[in-house]
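J.: Each residue of the sequence shown is one higher than the one before, counting from 95 in our numbering.
Where a beta carbon is used, it is the ideal one built from N, C-alpha and C, also for glycine.
Just so it is clear, the structure is predicted and the values come from calculations on it, not from any experiment.
One structure, pasted below without further comment.
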Amino acid sequence: DLYARLTRWISPDLLLGLQVSRSHIGTTVPAHLGARLTQSQSFGWDLSYRLSQNSSISLGYEFSLLRSENRNNTSDKGPTKDNNLFRFEFSRSFGQ
95 DLYARLTRWI SPDLLLGLQV SRSHIGTTVP AHLGARLTQS QSFGWDLSYR LSQNSSISLG
155 YEFSLLRSEN RNNTSDKGPT KDNNLFRFEF SRSFGQ
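This is the structure:
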């Protein structure tokens, strides 16, 4: 797995985040007959705004692409799926 995230404060109350990731799911050893390998790649962004010292809202989007293949048969590429995730979040802290 590889994962990278960058954040940058745009103003004292506004935070921008960018992320990318890449994963291999399943065995990567070719000797396992019939084994499937799934690869996932994704990227996304999010924007957080601090409403007060104790609360914030966040809006984000992530796109991911999943590809599955049979390790022993290169003609069997398997399904490719793309996923879109939209996120809205409200956070409130009740601590001091």
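Return helix, strand or coil for residue 176, following the three-state DSSP convention.
T.: strand
J.: Considering only the beta carbon of each residue, do residue 149 and residue 186 sit closer than 9 Å?
T.: At a Cβ-Cβ threshold of 9 Å, residue 149 and residue 186 count as neighbours.
J.: Roughly how many angstroms lie between the CA atoms of residue 152 and residue 138, to the nearest whole one?
T.: Cα atoms of residue 152 and residue 138: separation of roughly 13 Å, rounded to the nearest angstrom.
J.: Near residue 103, what residues of its chain come up, given a Cβ to Cβ distance below 6 Å and the 5 sequence neighbours on each side ignored?
T.: 109
J.: Under 9 Å between the Cβ atoms of residue 134 and residue 115?
T.: yes
J.: Going by C-alpha distance, which of 106, 131, 154 is nearest residue 112?
T.: 154
J.: By Cβ distance, which residues of its chain are closer than 7 Å to residue 178, with the 5 residues on each side in sequence left out?
T.: 157
J.: Could you tell me the alpha carbon to alpha carbon distance between residue 140 and residue 107, rounded to whole angstroms?
T.: So the two alpha carbons sit approximately 14 Å from each other.
J.: Provide the residue span of the beta strand (DSSP E) that contains residue 109, from first to last.
T.: Note, residue 109: beta strand (DSSP E), 108-119.
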